Every structure is written in C-alpha cells, then in structure tokens.
C-alpha cells in the first residue's frame with residue numbers, strides 16, 4: 001500500500017505480530033487520522049495508540065487483501081524446489 005495515497009478517515013487492515021510470540025499474528029482494522037502530536041501529518045490509530053505513518057506497517061486496503069498476505073506469509077506450505085538456495089548449495 002502506498003502511504004502517500006492515504007487520507008485522514010481511511011480505514012486500513014494491519015497484520016500485527018505478537019511481540020512475545022513471533023509465530024502469532026493477527027489482522028486488525030486501523031484508522032488513518034490526523035496526527036495529534038505532529039500537526040499536518042497523518043498517523044495510524046491502532047490498538048488505542050497513535051503511530052507515525054510509515055511503510056514499516058503491513059497495511060492493506062481490505063480485510064480480504066490482508067488475509068491473502070497473511071496466508072502467504074504464515075500459512076504457505078514450504079516446498080523444496082530448484083529455486084531453494086539451500087537445496088542448490090547441496091546439489
């Protein structure tokens with residue numbers, strides 16, 4: 001998602017990892033708002049906190065889009081192919 005296209009009032013969906021258990025992640029709705037600490041800038045309002053808007057967040061325009069990304073990152077079945085760099089090193 002290109003953050004330069006976001007506007008105050010937009011809703012986004014964020015994939016957030018659990019900081020205590022990195023193998024656990026959730027999709028949560030968040031809101032783009034005017035940053036109360038930096039006038040003229042936008043912030044991500046997420047889990048009752050304001051975060052400066054940046055590309056470091058995994059943000060998606062719809063829940064379905066976030067779910068597809070989540071599945072690709074966390075639920076994909078790893079298969080050994082010729083593109084696997086570890087497998088290539090041992091061939």
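Residue numbers (my numbering): 1 to 91. Heads up, the beta-carbon is just placed ideally off N, CA and C, and yes, glycines get one too. Just so it is clear, the structure is predicted and the values come from calculations on it, not from any experiment.
Residue 70 sits in a helix when the DSSP states are folded into three classes.
Just so you know, the alpha carbons of residue 2 and residue 25 end up roughly 22 Å apart. The Cβ neighbour count for residue 13, taken over all protein chains shown within 10 Å, is at least 16; the residue is labelled buried. Going by DSSP, residue 51 is part of the beta strand (DSSP E) stretching over 49-52. Residue 10 sits close to residue 32, with the two beta carbons spaced by under 7 Å. DSSP links residue 20 through a beta bridge to no other residue. Take residue 61, set aside five residues on each side of it, and the residues of its chain with a beta-carbon closer than 7 Å to its own are 1 and 12, in chain order.
Residue 70 places its beta carbon less than 7 Å from that of residue 15.
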